[in-house]
Amino acid sequence: MCGIVGYVGPRDAPALLLEGLKRLEYRGYDSAGVSITNGGGLETRKAAGKISKLESVMNGSPLHGTVGIGHTRWATHGAPTECNAHPHHDCTNTIAVVHNGIIENASTLKAQLEARGHEFRSETDTEVLAHLIEAEYEDDLEGAVADALRQVEGTYGIAVVSSRDPDKIVAARKGSPLLIGVGEGEYYVASDASAILQYTRQVVYLDDGEVAVLSRNGYQVVDLRERQLQKPVTKIDWDLEQIEKGGFPHFMLKEIFEQPQTIENTMRGRLLLEEGDAKLGGIDLPAEKLLEADQIIITACGTSWHAGLIGEQLIEEFARIPVEVEYASEFRYRNAVVTPKTLAIVISQSGETADTLAALREAKHRGATTIGIVNVVGSTIARDTDCGMYTHAGPEIGVASTKAFTSQVVSLALLTLKLARMRGLSVVKGREIAEALQKLPGQIKQILDRADEIEQLAEEFKRAPNFLYLGRGYNFPTALEGALKLKEISYIHAEGYPAAEMKHGPIALIDEMMPVVFVAPHDSVFEKLVSNVQEVKARRGTVIAITTRDEEALEGKVDYEFRIPETIEALTPVLAAIPLQLLAYYIAVKRGANVDQPRNLAKSVTVE
Ligand code: F6R
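Position 389 (the sequence shown) corresponds to 388 in numbering that gives the first Met the number 0; numbering is contiguous.
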């Protein structure tokens, strides 16, 4: 949520920052800005709207210099206007600050600063930082930043430049990700490696409470008491092509089509077919911890939470450990029962979701052993969990999560296999699951080869004002996920329900205008689901069924049918999710929506 990039070195900073902001645009895109120190002073350009707007402003009124910072915003405090766009300045325009996160005591600090004569121009919490730094500025910028941050409550990833100290950038982090890019005689700061990957692969991840000072001569990292720290340099091993569209019209479609490969990557080196087991090097806990666990809490947000609901069924069915799935935003403030025998599984694509991170910390604080299922390598959640497994889905740029979801479900299936085999699941049963997992990439490919059928379906339904998604058992969460995909990118109102719950209320909505998507593979609840299909038909609803075979039971009862290959019941969500992702995608495109950057959303929600 929001993106930061900064540069100090010999090159033209404005062009480089603009390029970095374009790569970060998926994180927030309602306004943007750049500030450059150019020896003589500090100059800033800002624009409301997308980065292309900022680019036109900068073309009309170019900036020159080799040190600067930029920001793309997703509004939290104040409307997405040019005035509220970052960077923000102090009274004399000698300091520029870009900030991700929320300053919780901003109004108190603002009142104190105003009483001392500071004049504010924006409605943002960030501007408080610029004035605080101004108030603390004595000898150097880093000292002023550290003094200012000691007074701040809340979360921040910041980068600061000043014309009084024109050859440096000061960056600091608390609760919002930030890294330093290390080049040859040039250094970068970014909230996300994708902004700087074309220039360097060497990065230093900052931890909470750390302040970094970057100049052409190098960088230093200190804590808030200004004690010097030695930080490891990490090499990023993914490529720029992985974050480019590769011939697809949208990142979302590219990411949907990547799923045979990403699922393969999730399982690579982990699936033990012969043993019917999984080898998970990252879950390096003592065996007793896993054996003694008497409760699992899965916590996550959004799509990751839906994956968690599937994980609940997997773990309970095969490993026989009681599981609770909690919205991270609820769990963090709830007095949940957590004991040293609790395993808390934290699922996050970005590894930076503020609520999920807080839930992780809460679970830890209450004594749980924490396991991360995370996509972004080196992210905060990945680093803060006791152990974990990366989903290896590669960078996900489209705001709507697709390949990350299926990789999360497969990761949960692998983890289940490991837990279940430790707790007495037979080799035969283990092998059955392992073999089914191994077939998934090929089966996903078969579905993707028929994407045009879904595109036709989308043509039929692109004008529908509402949708219902229904499923049972393992596919109740799939129904929730299908509905979420549709609503977030097409802005069509869509609800997901356990199919049998429909008659306790939502059935009142059904008429000939209501398309109802049934996730109906041939599984243990299939017959029950057919009754629910009949209930919809009896009320003239239009039924779209995602099913597995030619079922007599469905004959004459469904209006449209899309068949997915057969797999074991527990893995049907992985296959059923694919046509639902495609349906949402094609409907959104046909309605002219911006599928990669839907309104009001951001890829990584780093505010509460
Ligand atoms: C929906 C979507 C969101 C995220 C949620 C959690 O398509 O992407 O619902 O799943 O914001 O994000 P992560 O997984 O990064 O913690």
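Here a beta-carbon is modelled for each residue, glycine too, at the ideal position from N, C-alpha and C. Since we're looking at a predicted model, the values are computed, not measured.
Quick check on this structure: which residue in the options has the alpha carbon closest to the alpha carbon of residue i?
{"i": "Pro505", "options": "Leu469, Ser193, Ile314, Leu239", "result": "Leu469"}
{"i": "Glu287", "options": "Glu311, Trp237, Lys340, Gly555", "result": "Lys340"}
{"i": "Gln258", "options": "Ala357, Ala403, Ser51", "result": "Ala403"}
{"i": "Lys610", "options": "Leu528, Leu418, Leu600", "result": "Residue numbering for the chain in the displayed model covers 0 to 607; residue 610 lies beyond these limits and cannot be assessed."}
{"i": "Val529", "options": "Thr541, Asp522, Ala552", "result": "Ala552"}
{"i": "Met512", "options": "Thr261, Thr477, Glu459, Leu414", "result": "Glu459"}
{"i": "Lys438", "options": "Glu263, Arg331, Glu274", "result": "Glu263"}
{"i": "Glu454", "options": "Gln111, Gln580, His521, Glu113", "result": "Gln580"}
{"i": "Ala583", "options": "Arg548, Asp549, Ala478", "result": "Ala478"}
{"i": "Ala399", "options": "Thr123, Lys52, Leu272, Glu254", "result": "Glu254"}
{"i": "Asn465", "options": "Ala493, Tyr473, Leu456", "result": "Ala493"}
{"i": "Leu289", "options": "Gly387, Tyr496, Gly540", "result": "Gly387"}
{"i": "Pro476", "options": "Thr571, Pro9, Ser603", "result": "Thr571"}
{"i": "Val324", "options": "Val210, Ile309, Thr338", "result": "Ile309"}
{"i": "Ala343", "options": "Ala357, Ile370, His364, Asp354", "result": "Ile370"}
{"i": "Val4", "options": "Asn531, Lys363, Asn99, Glu500", "result": "Asn99"}
{"i": "Arg163", "options": "Leu62, Ala143, Ala171, Val516", "result": "Ala143"}
For the ligand F6R, is there a heavy atom less than 7 Å away from the beta-carbon of residue i?
{"i": "Glu133", "result": "no"}
{"i": "Ser400", "result": "yes"}
{"i": "Ser349", "result": "yes"}
{"i": "Ala299", "result": "yes"}
{"i": "Thr352", "result": "yes"}
{"i": "Leu23", "result": "no"}
{"i": "Val604", "result": "yes"}
{"i": "Thr233", "result": "no"}
{"i": "Glu607", "result": "no"}
{"i": "Ser303", "result": "yes"}
{"i": "Glu152", "result": "no"}
{"i": "Glu257", "result": "no"}
{"i": "Glu137", "result": "no"}
{"i": "Leu308", "result": "no"}
{"i": "Thr369", "result": "no"}
{"i": "Thr355", "result": "yes"}
{"i": "Leu483", "result": "yes"}
{"i": "Glu487", "result": "yes"}
Between which two residues does the alpha helix (DSSP H) holding residue i run?
{"i": "Ala412", "result": "402-421"}
{"i": "Asp383", "result": "379-383"}
{"i": "Gln111", "result": "105-114"}
{"i": "Val573", "result": "571-589"}
{"i": "Thr125", "result": "125-135"}
{"i": "Phe561", "result": "Counting along the chain, Phe561 falls outside any alpha helix (DSSP H), though it belongs to the beta strand (DSSP E) covering 559-562."}
{"i": "Ala327", "result": "327-330"}
{"i": "Pro13", "result": "12-23"}
{"i": "Met57", "result": "50-59"}
{"i": "Ala95", "result": "Ala95 -> not in any alpha helix (DSSP H); beta strand (DSSP E) instead, spanning 94-99."}
{"i": "Thr355", "result": "353-364"}
{"i": "Ala463", "result": "Here Ala463 belongs to no alpha helix (DSSP H), and DSSP marks it neither H nor E."}
May I ask you to report which of helix, strand or coil DSSP gives residue i?
{"i": "Asn474", "result": "helix"}
{"i": "Val203", "result": "strand"}
{"i": "Glu434", "result": "helix"}
{"i": "Ala145", "result": "helix"}
{"i": "Gly217", "result": "strand"}
{"i": "Ala194", "result": "helix"}
{"i": "Gln348", "result": "coil"}
{"i": "His85", "result": "coil"}
{"i": "Val425", "result": "One point to set straight first is that residue 425 is Ser, not Val, in the sequence displayed. Three-state DSSP puts Ser425 in coil, outside helix and strand."}
{"i": "Ser603", "result": "coil"}
{"i": "Asp451", "result": "helix"}
{"i": "Glu323", "result": "strand"}
How far does the beta strand (DSSP E) with residue i in it reach, from first residue to last?
{"i": "Arg72", "result": "66-72"}
{"i": "Glu209", "result": "209-214"}
{"i": "Phe517", "result": "514-519"}
{"i": "Leu186", "result": "According to the sequence displayed, residue 186 carries Tyr and not Leu. Unbroken beta strand (DSSP E) run through Tyr186: 186-189."}
{"i": "Arg44", "result": "41-47"}
{"i": "Ser530", "result": "Looking at the DSSP string, Ser530 is not in any beta strand (DSSP E); the run it does join, the alpha helix (DSSP H), is 525-536."}
{"i": "Glu263", "result": "Counting along the chain, Glu263 falls outside any beta strand (DSSP E), though it belongs to the alpha helix (DSSP H) covering 258-266."}
{"i": "Arg172", "result": "168-173"}
{"i": "Leu178", "result": "178-181"}
{"i": "Glu494", "result": "492-497"}
{"i": "Ala31", "result": "30-36"}
{"i": "Gln312", "result": "Taken as a continuous stretch (DSSP letters only), Gln312 belongs to no beta strand (DSSP E), being part of the alpha helix (DSSP H) at 301-313."}
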